[in-house]
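Visitor:
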């Protein structure tokens, strides 16, 4: 998935250098789409260049005493981008929370500790919703005339988190009621 993100960002931002691309991924909260680290990002950037899918432009921009190498997508990269769009655009997967695995054995676990785990899920979900609210407030102002698929995707993600939050709170209340 990281190659798709890099190629897509280079189509949107020709001439961007690695740090600019990574900053865009962080600013746009792409971590909700795919887990990535700085290391995995630069590894994928290097792999794309080695495969001839992107290339450095001939202009080197100085930045605080070091050279910045802007990239552009190649024709092979555009072909790969289209293949990856089809690959990921046709996938549909189950919703899979790791918490579900722990919940399978809830009856064998201390109820007080289980309530603490559920409270942790509530807090994490509320934090994600707050981040999405912050992002959505910004993007609505920035792109009022354009269909912003990423904004819509984040609205959908927010809706899922709201459903999860409601479920976690109901689950917590049910366990508290059963242990009284």
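Residue numbers (full-length UniProt numbering): 1 to 180. Just so it is clear, CB atoms sit at the ideal spot from N, CA and C, and this is done for glycine as well.
1. With a threshold of 8 Å, are at least 3 pairs of Cβ atoms found where one atom belongs to the segment 117 to 125 and the other to the segment 149 to 169?
2. Which runs of the alpha helix (DSSP H) spanning at least 4 residues fall entirely within the segment 90 to 159, listed in chain order?
3. Report the rounded CA-to-CA distance for residue 106 versus residue 117, giving the unit in angstroms.
4. Return helix, strand or coil for residue 36, following the three-state DSSP convention.
5. CB residue 78 to CB residue 52, shorter than 8 Å?
6. Between residue 21 and residue 4, is the Cβ-Cβ spacing less than 8 Å?
7. Measuring only the C-alpha atoms, how far is residue 57 from residue 68?
Guide: Put simply:
1. yes
2. 98 to 103, 111 to 142
3. Here residue 106 refers to the residue found at position 106 when the chain shown is read from its first residue. Here residue 117 refers to the residue found at position 117 when the chain shown is read from its first residue. Computed Cα separation, rounded: 10 Å.
4. Your numbering for residue 36 matches position 36 in the chain shown. Correct three-state label for residue 36: coil.
5. Within the chain shown, numbered from 1, the residue matching residue 78 stands at position 78. Within the chain shown, numbered from 1, the residue matching residue 52 stands at position 52. The answer is no: Cβ separation not under 8 Å.
6. Position 21 of the chain shown, counted from the start, is the residue given in the question as residue 21. Position 4 of the chain shown, counted from the start, is the residue given in the question as residue 4. Cβ distance not < 8 Å, so residue 21 and residue 4 don't count as in contact.
7. The sequence position of residue 57 within the chain shown is 57, counting from 1. The sequence position of residue 68 within the chain shown is 68, counting from 1. Taking the straight line joining both Cα atoms gives about 10 Å.
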